[in-house]
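Reviewing the structure listed below.
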Amino acid sequence: MPLTFKGGVHPPDKKELAKGRAIKVALAPKQVVIPLSQHIGAPCKPAVEIGQQVKKGEVVGNPQGFVSAPVHASVSGKVVSIGDFPLATGKMTLSVVIENDFQEEWTLLKDHPDYISLPPEQLKEMVKDAGLVGMGGAAFPTHVKLSPPKEKPIDVLVINGAECEPYLTADYRLMIERPLDIIEGTKILMKILGVKKAFIGIEDNKPDAIEILKKAASGIAEITVCGLEVKYPQGAEKMLIKAAVNREVPPRALPMDVGVVVQNIGTTIAAFEAARYGKPLIERVVTVSGESINEPANLMVKIGTLVSELIKECGGFKTEAAKVISGGPMMGFAMYDLNVPVTKGTSGILALPEEGLVHVDEFNPCIRCGRCIEACAMGLMPSMLSVLSERGFYEEAKEYGLFDCFECGSCTYVCPSKRPIVQFVRLAKSMVKP
Amino acid sequence: MSEQNNSETKKGSTMATEAKDESKLIVSVSPHLRSEETTSRIMWSVNAALLPATVMSVYFFGPRAAIVIAVTIISAIFSEYLYTKALKKKITINDGSAFLTGLLLGLNLPASVPLYIPVVGSVVAVALTKQLFGGLGFNIFNPALVGRAFLLLSFPKLMTIWSAPTAAFIAMDAKTTATPLGILKEEGMQKLLEVFGNKLNLYIDLLFGNRAGSLGETSAFALLIGAAFLLYRGYITWQIPVSFLGTAAIIAWVFGGSGTLFAGDPILHLLSGGIILGAFFMATDYVTCPSIKMGQIIFGVGCGFLTMLIRLKGGYPEGVMFAILIMNCFTPLIDRGFKSKTFGAVKVKEVKQ
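These protein sequences, in sequence, are chains A and B. So that you can map any letter, position 53 of the first sequence is 57 in the working numbering, and since no number is skipped, the others follow by simple counting. So that you can map any letter, position 55 of the second sequence is 209 in the working numbering, and since no number is skipped, the others follow by simple counting.
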């Protein structure tokens, strides 16, 4: 029986566009724009001044508070500006702009060949100092996830290799190309959490990745690589935990409430690099794909590189791109400006042609067909949520689990009336208190 | 080298147009992918699923059947057009919903009705039952069934003159006869067997549609072909048809016999009247049935129970129409009572206990 969850949808996966492209280091950018808030939580405070020379890996923003993560210079060079720049979402964010001197001069990094014998507290400190956040998109600071309160004992670590968003192949390439680093990273995270069991969950549409990681994990009894049913949103934390460990995270609760911590593939490798080499999170793999991109690619990109430069490096647009998305097509953001930086949470840049796009304003009334109810991985009734929100009954929407929705978009994907259900949910959420 | 240069300049030029295009980038909310399913595709598929039954109705009841059905569909579409036009609403006649209402109503009429009957029925179905309540998605009752109920109550005579099948093909003056359920109600099982010869003949004629009745309801076989198509495509699910027909069958078996219990004939009851048309094509109407599976089963059980109550104890020989309409009233209530189960919700209760 395939490991899975109830609900979900099967959008065309479109991974063949970039799947075969090995990870390539992106061209060094002339300038990087490093936002001081790339994570969920408190923004960083600038640690540099305009005109200052910085080295690669040097801290440019210090975290404010526990739920926060430092940011580092991704190139060496001179700080030319500190000011508000837009993110892919359009949000203006205080950022440090560094002009690349192309010297690639690293700041002093602490090497630890014996990382695996270090005490958990020290390993966690290294993860924290490296500025690790969840690289699947939500960008929640990793060290926070690794610090569960005492009354919530963790017994299982789940590594998220589902990559269920169509088009994206960044995690897939990492699994194919760097399986040993993933295993080492998993060991480090297990040590920090003090757990004896880890699962690496991968969707069955990546049999080669499953094979390679199984081989890499052979002989390690604590790490199990498991194939999961191909279904969106298999990579959502709660769905992944249900499929891999068969535990259900209650509504509003966190994975830690059922003794589980989930980490993304990219984050796991970053944890390895942080512990082994002391390397901060200054670059990540970004899938540049979509039908409108000339040469789809998986690029190792320095944080702060502008999206427009990545698109240029991938041969520009093949046809007129009607929509450029940061992230996956199900949960990503449509961008209005391509001169925005890649951040720690940017998993992909997709350019889609006009053909096949559904305009959000052209929707029809709900015909109560129930497809969204079948598709909802959270077991909600999106039809009711959308109708209540459309009529302004926001309080009533709470009775239908408004705040349990994590906006995966499955309901909207299947809706035959093309209703922007997720947007109605967002609207209602913004109008009432949970 | 020169080639590379060339591509460089090309890239340069695309960048230039890109800068211009950037202002044209579409910015909209996620998800950016949508399935190909649309409301009109669903509606037209249901229309297509009714094609076998429509063909059989023309085969048995002749050109007159085609004319009645065509007039019903055209007047349904026309009602929708005029209403939306008059109220300056979006014209929705292409979505197949008015066509479907017309088709279903047409299939629910006897072949012999004068042609103003389908027109009146269509206006009631589309303008009053659907559009007055806000259009597709907002109606409480199944439009085609309200149309038919209105006609049956307003023109009881005209709506219950049943042409005998096959006769219409040969002669313009069709012979009239009673429906199997009518015979069963008025004269009993014995008479029914007399008319059809024996039980096997009766079943075969009911299955293929060689009997009197509303145009589209007579051929169970043709209806089941369409129903199988809808089930296969996932446009309807098994819950309502199975609970509807199952309940009706059990009641027919237990209480349908004369005198003793458990002596009824469930096959006869399932194959006659409009129960197959109703269970697969009318009770399953998305808008007017509950949306949660458990609620749909309750709905189906209610339909089956009310159908048999009317058939066995009521004043009419057939009860499918009123059964579904009555259950339509309960749909909002059932929907309130049966909500979907939120992921992980059971565990919360356990924790609380």
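Yeah, the Cβ is synthetic: ideal placement off N, Cα and C, and Gly gets one too. Nothing here was measured: the structure is a model prediction, and the numbers come from that model.
Counting only runs that start and end within the segment 165-221 of chain A, where is the beta strand (DSSP E) found for 3 or more residues in a row? Whole beta strand (DSSP E) segments, 3+ residues: 201-207.
Sorted by chain position, which residues of the same chain lie with C-beta nearer than 8 Å to THR97(A)'s C-beta, five sequence neighbours on each side aside? Excluding sequence positions up to five before and after THR97(A), its CB lies within less than 8 Å of the CB of PRO39, LEU40, SER41, PRO47, ASP88, PHE89, PRO90 and LEU91, all in the same chain and listed in chain order.
Counting only the same chain and skipping the five closest in sequence on each side, list residues whose C-beta sits under 6 Å from that of THR111(A). Non-local C-beta neighbours of THR111(A) in its own chain, meaning closer than 6 Å and more than five positions away in sequence, comprise LYS59, GLY61 and GLU62, ordered along the chain.
Would you say PHE292(B) lies against chain A (beta-carbon separation less than 9 Å)? Interface residue, yes.
With DSSP collapsed to three states, give me the class of ALA32(A). Here ALA32(A) sits in coil by DSSP.
Determine, using beta-carbon pairs with one atom in the segment 429-446 of chain B and one in the segment 483-494 of chain B, whether at least three such pairs fall under 8 Å. Two segments are said to touch when three or more pairs of C-beta atoms, one from each, lie closer than 8 Å; by this definition the segment 429-446 of chain B touches the segment 483-494 of chain B.
Helix, strand or coil: how does DSSP classify ALA322(B) here? Note that ALA322(B) has pLDDT 45, beneath the 50 cutoff, so the model's placement of it is unreliable and the number below is only indicative. ALA322(B) sits in a helix when the DSSP states are folded into three classes.
Of the residues that make up the segment 411-427 of chain A, which ones have a beta carbon closer than 7 Å to any beta carbon in chain B? For the segment 411-427 of chain A, residues whose beta-carbon sits nearer than 7 Å to a beta-carbon of chain B comprise GLY413, THR416, TYR417, VAL418, PRO420, SER421, LYS422, PRO424, VAL426 and GLN427.
GLY374(A) and GLY352(A) closer than 9 Å at C-beta: Not in contact: GLY374(A) and GLY352(A) (Cβ atoms no closer than 9 Å).
MET139(A) lies in the beta strand (DSSP E); which residues open and close that run? Following the DSSP letters along the chain, one finds MET139(A) in no beta strand (DSSP E), marked with neither H nor E.
Okay, do the segment 212-232 of chain B and the segment 255-275 of chain B touch, 3+ Cβ pairs below 8 Å being the bar? Yes: at least three Cβ pairs fall under 8 Å.
Nearest-angstrom Cα separation, counted from LYS348(A) out to TYR119(A): Straight-line Cα distance between these residues: approximately 24 Å.
Helix, strand or coil at THR97(A) according to DSSP, with G and I counted as helix: Residue state for THR97(A) is assigned as strand, using DSSP reduced to three classes.
Just checking: is the beta-carbon of VAL273(B) within a distance shorter than 9 Å of some beta-carbon in chain A? No, because no Cβ of chain A sits closer than 9 Å to the Cβ of VAL273(B).
Members of the segment 185-200 of chain B near chain A, C-beta cut-off 8 Å: Listed by position along the chain: PRO185, HIS186, LEU187, ARG188, SER189, GLU191, THR192, THR193, ARG195 and ILE196.
Closer than 9 Å, Cβ to Cβ, to anything on chain B: give me those residues from the segment 74-100 of chain A, in chain order. From the segment 74-100 of chain A, only GLY94 have a Cβ closer than 9 Å to chain B.
Applying a beta-carbon distance threshold of less than 8 Å, which residues of chain B neighbour ASP408(A)? Under the 8 Å cutoff, chain B gives THR496 and PHE497.
List the residues of chain A that VAL441(B) touches, going by C-beta distances under 8 Å, in chain order. Taking the beta carbon of VAL441(B) as reference, the chain A residues within 8 Å of it are ILE371 and ARG372, listed in sequence order.
Under the rule that 16 or more other beta-carbon atoms within 10 Å means buried, what is HIS363(A), buried or exposed? Per the 10 Å Cβ criterion, exposed.
In terms of residue numbering, what span does the beta strand (DSSP E) encompassing ALA355(A) cover? Residues 352-357.
Give me the subset of the segment 198-217 of chain A whose CB atoms are less than 7 Å from a CB atom of chain B, sorted by chain position. Correct list: empty, as no residue qualifies.
Taking Cβ positions only, does LEU286(B) come closer than 9 Å to chain A? Chain A contact via Cβ: absent.
Minimum Cβ-Cβ distance from GLY289(B) to chain A less than 9 Å: GLY289(B) counts as touching chain A.
Is there a Cβ from chain B that is less than 9 Å from the Cβ of ARG182(A)? Taking Cβ atoms only, chain B never reaches closer than 9 Å to ARG182(A), which makes this a no.
Counting only beta-carbon atoms, is GLY263(A) nearer than 9 Å to chain B? So, not an interface residue.
Could you give the residue range of the beta strand (DSSP E) that holds LYS327(A)? It spans 325-330 - the beta strand (DSSP E) in which LYS327(A) sits, taken as one unbroken run.
Who are the Cβ neighbours of LYS128(A) in its own chain at under 8 Å, not counting the five residues just before and after it? Closer than 8 Å at Cβ, skipping near neighbours: HIS147, LEU150, SER151 and ILE196.
Determine whether the Cβ of SER182(B) lies closer than 9 Å to any Cβ atom of chain A. Chain A, which has a Cβ nearer than 9 Å to the Cβ of SER182(B), makes this yes.
Opposite ILE247(B) in the DSSP bridges: which residues? ILE247(B) pairs with nothing; no bridge assigned.
For SER85(A), the first and last residue of its enclosing alpha helix (DSSP H): Membership of SER85(A) in any alpha helix (DSSP H) is not indicated; the residue belongs instead to the beta strand (DSSP E) covering 81-90.
So within the segment 385-419 of chain A, which uninterrupted alpha helix (DSSP H) runs reach at least 4 residues, ignoring any that extend past its ends? Counting whole runs of 4 or more residues, the segment 385-419 of chain A contains the alpha helix (DSSP H) stretches 386-394, 398-403 and 414-418.
Under a CB-based cut-off of 9 Å, is GLY12(A) close to chain B? The C-beta of GLY12(A) comes no closer than 9 Å to any C-beta of chain B.
Within chain A, the residues that ILE446(B) reaches when beta carbons sit closer than 8 Å: Here the neighbours are GLY374, ILE377 and MET385.
How many Å lie between THR385(B) and PHE459(B) at the Cα? In the sequence as displayed, the identity of residue 385(B) is Leu instead of Thr. Straight-line spacing of the CA atoms in LEU385(B) and PHE459(B) works out to 23 Å.
Around the C-beta of ASN343(A), are 16 or more other C-beta atoms found within 10 angstroms, so that it is buried, or is it exposed? So ASN343(A) ends up on the exposed side.
What residue range does the beta strand (DSSP E) around MET304(A) cover? Counting along the chain, the unbroken beta strand (DSSP E) around MET304(A) starts and ends at 301-306.
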